[in-house]
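Residue numbers (my numbering): -15 to 360.
This is the structure:
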């Protein structure tokens, strides 16, 4: 047979291991109970009977034939004394029952493969096609781990990465198809083969993943991105809905965003009942010399119909022409008045998204703020 009951105790194994160490040898447990029996009530494990000599060959789709010395592989346990199967036995049974045709995994599993090949042979099962890809390394050249950031797809989803971007990036990380960088899932299914998978370790580049994620955000319909951002906003207590307002916000903020969180982090002023001014921005732009400009702008905007980007822009240009002002001279104070800071999408687009009522209310608040700066 290919397996046997083994009654060796953990204490006996430890003793044998120490004896081998004292002799300067690597301990390999072999055949002690292969043709012996013990008392029926004595606990036992099931071990695989491995060859004493010769080689075990693993045919790898990426590495070709990999040869292992059979004498270096001990009679390994496939069923523990508590009745639970070990990893190597379970993975063979699982893959066989699921009719897996290809096993693609990290090359750190290559050491397990000769044991699994023996189990396949012992069960008269066909070995699936095997491919052991090189490990992904962090930017520091060490194996990717938590110290390099997120390491699970769940974490990446929480950090605002799109599934398509992550699949695209990870596939492209160890596989090439000319100079093409962007692949739809359908293209990957059509074009991917093991022939173009690299053998050397790939280095994970977070900046490249962010760039790719940003590309997908910009090139997906804003309605779809809005649907992905909405749950993040609701979780944060922001009273948003999947409506035209959110779609317009996503369309504007998505142009610079690298992740969904970038969008969620940047849109609070569109939904806040009140905003706080950045102290430095307010000190620089909400000044008394801008008071008359803001008053005139507020008056003209109150009459704007419809309240659209083009109409708003025309009002700005009229005031700029009358007062010989540049756009930045007006736009930055208005931006601080509306958003609290100096960074936002185009000011005309921001105003259209906010709507007339919110814009007029915040401009009025800014005028009151400036009036309060005047000496009594």
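No residue lacks a Cβ here, since even glycine has one placed at the ideal position from N, Cα and C. If you're wondering where the values come from, they're calculated on a predicted model, not measured in any experiment.
Check                                                                                                                        : Outcome
Secondary structure of residue 274, DSSP reduced to three states                                                             : helix
Three-state secondary structure assigned by DSSP to residue 132                                                              : helix
Bridge partners - residue 159, DSSP secondary structure assignment                                                           : 181
At least 3 beta-carbon pairs within less than 8 angstroms: the region 249 to 257 vs the region 293 to 310                    : no
Where the beta strand (DSSP E) through residue 114 begins and ends                                                           : 113 to 117
Contact under 8 angstroms by Cβ, residue 348 with residue 282                                                                : yes
Other residues of its chain near residue 324: CB distance less than 7 angstroms, five sequence neighbours each side excluded : 253, 259, 260, 261 and 262
Inter-residue spacing [alpha-carbon to alpha-carbon] between residue 100 and residue 63                                      : 14 angstroms
Distance, residue 47 Cα to residue 111 Cα                                                                                    : 16 angstroms
Outcome for residue 338 when other beta-carbon atoms lying within 10 angstroms are tallied against a minimum of 16           : buried
Three-pair Cβ contact test at 8 angstroms for the region 149 to 163 versus the region 185 to 192                             : yes
Close Cβ partners of residue -9 (< 7 angstroms) along its chain, the five nearest in sequence each way excluded              : 17, 22, 26 and 28
Same chain only: Cβ atoms within 7 angstroms of residue 331, ignoring 5 sequence neighbours per side                         : 315, 318 and 319
Terminal residues of the beta strand (DSSP E) in which residue 79 lies                                                       : Where residue 79 is concerned, there is no enclosing beta strand (DSSP E), although the alpha helix (DSSP H) it sits in stretches over 71 to 81.
Per-residue DSSP class, three states only, for residue 327                                                                   : coil
DSSP beta-bridge partners of residue 187                                                                                     : 121
Backbone CA spacing between residue 195 and residue 234 [nearest angstrom]                                                   : 17 angstroms
N-terminal and C-terminal residue of the alpha helix (DSSP H) that residue 0 is part of                                      : -6 to 6
Residue 76 Cβ short of 7 angstroms to the ligand PLP heavy atom set                                                          : As for the ligand PLP, it is missing from this structure, which has no ligand bound.
Chain B contact for residue 301 (CB, 8 angstroms cutoff)                                                                     : Considering every chain present, this structure includes no chain B. It has just one protein chain.
Boundaries of the beta strand (DSSP E) in which residue 88 is found, first to last residue                                   : 86 to 90
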